[in-house]
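Okay, so the sequence shown: first residue is 900 according to my numbering, each after it adds one. We treat Cβ as the ideally placed atom computed from N, Cα and C, and that holds for glycine. Given the structure is predicted, the values throughout are model-derived calculations rather than measurements. Down below is the structure, laid out as structure tokens.
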Amino acid sequence: MRVAPSQAQILDKLSELPPFSPVLVKLLGTFGQANISCGTLAGLIEQDPVMAGSVLRLANSSLYSQKSTVTSIAAAINLIGTDRLRNVVTALSVSQMWKRLPAVEGWSTADFNEHGLAVAILGATLADQMPNDFAEGAFLAGLLHGVGKLLVVMAAPDDYREILRRYEAEGNTKSWVQLERDVLDTDHPSLSALALEQWKIAEPIRRAVAWHQDPELGKLSQVIWLADSLANAIGYSVLPPKAVLLEQDPVETVGPWLRQHCPGLPPGELLDTFHHEMDVIRGAPRTLRS
């Protein structure tokens, strides 16, 4: 009988992930701050010539349609916005790490990237409309909320596939997290939070990630739970299509969720913002993505 790996053995797979760049480490640290100044962000980006060049190309792209050429990082930040540019650079840097991982049967790193990005964008938008205790951490919490699932795939691909098999058979009666606990005696929210602790991510973000499947009322975890649910509902899921029930109309899909949890945000407005932000990141210069 095969014995599932322990939580510590799964976390050991962190050492096999590509290392963060020094600039990314500093950027991640800024998500623990109430805000970050243009000067601070410019100073970080300027430490990485490739990143700086990519930011300038983004600022001068057709997405921003400037009459004059943007020639400084500070001007690019003023054009794009401090929070948005930090989010774009962080998302693409993290995505670059995941893309270096070996393929695993039954798992799509591309879908994992898309899901994390979708939850990050939706979370940041929702955090401005819902009561929570750390809105500035919503994007990063959404982006990294599922890293524990990635570690499970790396440490125990057979166990991941067993969880998936059970989910497709029992998904109406048991959640994914419950099945993880049945198979592994741990779950991906707990593993994600422990990974973020090793990466020295701010405690409110770690807490939101740890509780995003059992959200706390009025806390960031509730925002991430809703963003995660909405991302899955509109098709940005880590699970294969046959394990996810998709509606035809995304506005009808997200409408009931928003009316219940965020009545002040019209579904169409949320989706418009979401698709615009996805376009910004997808349209970022290739050197940031590859």
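Buried/exposed call for residue i, threshold 16 Cβ in 10 Å
| i | result |
| --- | --- |
| histidine 1175 | exposed |
| glycine 1005 | exposed |
| glycine 1047 | buried |
| valine 902 | exposed |
| glutamate 1013 | buried |
| proline 1114 | buried |
Given residue i as reference, the closest of the options once Cα atoms are compared
| i | options | result |
| --- | --- | --- |
| proline 1088 | Leu910, Ala903, Pro904, Val902 | Leu910 |
| leucine 1095 | Phe930, Ala903, Pro1001 | Phe930 |
| serine 1214 | Ala973, Leu1021, Glu945, Ala1054 | In the structure displayed, the chain extends from 900 to 1189; residue 1214 sits before or after that span and is not available. |
| isoleucine 1180 | Arg1106, Leu1025, Val924, Val954 | Val954 |
| alanine 974 | Gly942, Lys998, Glu1067 | Gly942 |
| asparagine 1031 | His1111, Leu926, Asp1148 | His1111 |
| serine 905 | Asn1131, Pro1114, Leu1050 | Leu1050 |
| valine 924 | Ile1100, Pro1155, Arg1158 | Ile1100 |
| glycine 938 | Asp1081, Ser1120, Ser1091, Thr981 | Thr981 |
| glutamate 1102 | Ser1120, Arg983, Ser967 | Ser1120 |
| leucine 1039 | Pro1056, Arg1105, Thr1008 | Arg1105 |
| alanine 1109 | Trp1098, Gln1097, Ser1091 | Ser1091 |
Start and end residues, alpha helix (DSSP H) containing residue i
| i | result |
| --- | --- |
| leucine 1025 | 1008-1026 |
| tryptophan 1156 | 1149-1160 |
| serine 1128 | 1119-1132 |
| isoleucine 1100 | Premise fails: isoleucine 1100 is in no alpha helix (DSSP H) and is neither H nor E. |
| glutamate 945 | First-last for glutamate 945: undefined, no H or E at that position. |
| lysine 1048 | 1046-1054 |
| isoleucine 909 | 906-910 |
| aspartate 1171 | 1166-1181 |
| glutamate 1004 | Premise fails: glutamate 1004 is in no alpha helix (DSSP H) and is neither H nor E. |
| methionine 996 | 981-998 |
| proline 921 | 921-929 |
Separation of residue j from residue i, as counted between CA atoms
| i | j | result |
| --- | --- | --- |
| alanine 907 | glycine 1163 | 43 Å |
| leucine 1042 | leucine 978 | 24 Å |
| arginine 999 | glycine 928 | 23 Å |
| leucine 1016 | aspartate 1171 | 15 Å |
| valine 922 | arginine 985 | 11 Å |
| aspartate 1148 | leucine 1169 | 14 Å |
| valine 988 | proline 918 | 16 Å |
| alanine 1142 | glutamine 1077 | Note on alanine 1142: pLDDT 49, under 50, position unreliable in the model; no value is reported. |
| glutamine 932 | tyrosine 1135 | 29 Å |
| glutamine 1159 | valine 969 | 43 Å |
| proline 1001 | tryptophan 1124 | 29 Å |
Neighbour flag for residue i against chain B, beta carbons, 8 Å
| i | result |
| --- | --- |
| isoleucine 1133 | Included in the structure is just one protein chain, with no chain B present. |
Beta-carbon contacts of residue i that lie in its chain and below 6 Å, excluding the five residues immediately before and after
| i | result |
| --- | --- |
| methionine 950 | Ile944 |
| valine 1122 | Gly1022, Leu1025, Ala1026, Met1029, Asn1031, Ala1037 |
Heavy atom of the ligand GTP within 7 Å of residue i beta-carbon
| i | result |
| --- | --- |
| isoleucine 909 | The ligand GTP is not part of this structure, which contains no ligands at all. |
Contacts around residue i, its chain only, beta-carbon distance under 7 Å, and the 5 residues preceding and following it disregarded
| i | result |
| --- | --- |
| leucine 1093 | Leu910 |
| aspartate 1127 | Val1018, His1044, His1111 |
| alanine 990 | Leu1016, Ala1019, Leu1042, Ile1180 |
| valine 1150 | Pro1166, Gly1167, Leu1170 |
Other residues of its chain near residue i: CB distance less than 8 Å, five sequence neighbours each side excluded
| i | result |
| --- | --- |
| tyrosine 1066 | Lys1073, Trp1075, Leu1078, Leu1138, Ala1142 |
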